[in-house]
Structures are given as structure tokens and as C-alpha cells.
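**Student:** What follows is a structure written as C-alpha cells; I'll ask about it next.
Numbering (the numbering used here), first residue to last: 34 to 306.
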């Protein structure tokens, strides 16, 4: 007989009326379980209270940089603890995140930045040269913020106040994320995903992995977060209040050790592993 938290639930049971958009995920759990760990990355922890405050400051800093609701903000980096705060920060302002495949060549990155009309990009230090090369073909890109290092996104956002409560949250039908296809038959195509679609995907995922509702639940993010599957799996866990453990890279043996040591509940893995 499965434990109550492990039984399959209907979609209506899973749906949380307090979380109609991605922007509501950190704020809802910050009120319910402020000290619960939301993300863990290379020993660095963010509680839901800290994640909510960080997302709010990122939203405020984006606004100060000239990004407006509906504006596009790109992300180019491997997995890190910056991804979800940036996603939630952009969402809180009503902007749209454009995750970019870090394996792309500069010309391909430039195409996505231009096609999406990205105004700002968050990029890992190892990708700054690619961004600088791509900027020549993406004149609308005004601002580059490094995600990592002492002057990274957390330092950048830390200088801002939290976003004023009077700034409205996005609507479920607003675009949350603009993912790009692989472009195997031509140029990649931007696919706009609304907050409703992303939340619905999280709910569908939770119907398959009810173990994410355990009080000690943890989902392991090993696949690249620019990919819709990896992004959604982490969001499903955070939607349920689970911990998202983010792995930048690792060998199969290191991943297995981490799963055992950190008592990972759900660990989606690529076929190669």
C-alpha cells in the first residue's frame, strides 16, 4: 500500500489556486514554508524566502534596466543556481525568458537573440565572448549580465530593492518562456509558452511523480535547463514545494553518489546515463 504522499492524484487535486503563474511559485511557498530549501547547487542553498526575495530584486533590476512586461530576456549558460531566480524574476515583471542552447555557435546564438528581440542576456563567464560576437548581429541587445563569479547576477540584483508590491503579476495567458526548436530543417523557431501552459505541464508531471509531494522531496536537475523537459521537471518540483538540486555536470558515478547521499526522490536522466 503506497504512502499517502505517494498515491496518484487527480489533476484537480494537484492544481494549486495560489499558483496561477510561474511568478507565484516562490511567493506562495515563501509564505507557507519560508525556511524550506528551494534550490541546492554546489553547496549553495536558497530557501523559498530567499528565492522569492531574489526573484523580486531581479525583477526590480530588470525594470531599472529598461525591460518592460512582454520584453525578452535571454539566458546562456550551463545549469546553475541562477537559472530559476532569473526565470522567476523575469516572470514577476511580466517579461519572457529565452533560454539559449549553450552548445550553439556564435552565429546561431546571434540569430536567436535577433529573432527573439532580446533586450538583455544573462550569460555564464565562459560564454561572454560568444555573446560579444553575437551582439554585432543583434542590435536590440542592450545589456549583458554575467551569471557567475563575484560580480554575477546575485551581486547585480543585490543592489536593487525588491519589486514594489503594486507591480501586477502576469496573467496566465501571458508568455512566460520562449523556447527555440533545434533547427534541423532550417533556422530554429521560437515557441511561445504561456504561464498557463508551463503550470499545466508542472501539474501533469506531478501526476506522474507524486513522490515530489513528500516533505523531504528533491528533484535532480542534470539535463540542460535550456531544454523544455529539464526546465519543466524542475518547475514541477518547485511547484510542489520540493527541493531542486541543480547539477552543472557530472560523471555517471558522481551522479549516482549524489542521488544516494542527498536522498534524491526523482532523478530524470538522459539516455546516455
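Ideal Cβ placement from N, Cα and C applies to all residues, glycine included.
To the nearest angstrom, how far is the alpha carbon of residue 47 from that of residue 208?
**Tutor:** 22 Å
**Student:** If we ignore side chains and look at the alpha-carbon of each, how far apart do residue 284 and residue 228 end up?
**Tutor:** 34 Å
**Student:** Going along the chain, which residues of its own chain have a beta-carbon closer than 6 Å to the beta-carbon of residue 129, five neighbours each way excluded?
**Tutor:** 105, 208 and 211
**Student:** Going by DSSP, what residues sit across from residue 279 in a beta bridge?
**Tutor:** 254
**Student:** With a Cβ-Cβ cutoff of 8 Å, do residue 81 and residue 119 count as a contact?
**Tutor:** no
**Student:** Can you check the stretch 81-151 for any beta strand (DSSP E) of at least 3 residues that lies completely inside it and give the ranges in chain order?
**Tutor:** 105-109 and 129-132
**Student:** Do you know whose CA, among 158, 68 and 264, lies nearest residue 232's CA?
**Tutor:** 264
**Student:** How would you write the range of the beta strand (DSSP E) that residue 224 sits in, first residue to last?
**Tutor:** Residue 224 -> beta strand (DSSP E) spans 223-227.
**Student:** Kindly indicate which residue of 110, 215 and 63 has the alpha-carbon position closest to the one of residue 178.
**Tutor:** 110
**Student:** State the DSSP-derived secondary structure class of residue 187, mapped to helix, strand or coil.
**Tutor:** helix
**Student:** What's the gap between the Cα of residue 235 and the Cα of residue 220?
**Tutor:** 29 Å
**Student:** In chain order, what residues of the same chain have a beta carbon less than 6 Å from the beta carbon of residue 92, not counting five sequence neighbours either side?
**Tutor:** 122, 125, 126 and 196
**Student:** For residue 291, I'd like the list of residues in its chain whose CB is within less than 8 Å of its CB, leaving aside the five on either flank, ordered along the chain.
**Tutor:** 253, 278, 280, 283 and 297
**Student:** Smallest Cα separation from residue 205: which of 57, 44 and 173?
**Tutor:** 57
**Student:** Leaving out the 5 sequence neighbours to the left and right, which residues in its chain are closer than 7 Å to residue 34 when beta-carbon positions are compared?
**Tutor:** Reliability fails at residue 34, whose pLDDT of 40 lies under 50, so the model's placement of it is uncertain and the value that follows must be treated cautiously. No residues qualify anywhere along the chain.
**Student:** How would you write the range of the beta strand (DSSP E) that residue 177 sits in, first residue to last?
**Tutor:** 176-179
**Student:** What is the residue span of the alpha helix (DSSP H) that residue 292 lies within?
**Tutor:** 285-294
**Student:** Between which two residues does the alpha helix (DSSP H) harbouring residue 262 extend?
**Tutor:** 261-272
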